[in-house]
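In my numbering, the protein residues as written are 49 to 149.
No residue lacks a Cβ here, since even glycine has one placed at the ideal position from N, Cα and C.
A quick write-up on the structure given underneath.
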């Protein structure tokens, strides 16, 4: 037969509340509450800021895009004009060559 011996572990003595520990815990809780409050405050200020930033960014982007489109259109028109002038010169050249024949 096997016998198992269990050692009796007495419960920890009930001591009066540790005031230093309680104070430390309260400070931790207050600090945490302060951080949470600060974060919430930042978000409250940040969200409208982000919305305003997004609207402003959108407007600026649209403005820049319009400028780019206008520039691209002018560039296209200039190139087409150059191409037409080249075609005209070329056809005039060939016409004069044909007339000489």
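Residue i versus residue j - alpha carbon distance
i	j	result
residue 68	residue 86	27 Å
residue 111	residue 130	29 Å
residue 115	residue 109	10 Å
residue 141	residue 149	13 Å
residue 143	residue 128	22 Å
residue 94	residue 75	28 Å
residue 133	residue 107	39 Å
residue 54	residue 91	57 Å
residue 79	residue 100	31 Å
residue 97	residue 83	20 Å
residue 139	residue 123	24 Å
Contacts around residue i, its chain only, beta-carbon distance under 8 Å, and the 5 residues preceding and following it disregarded
i	result
residue 147	none
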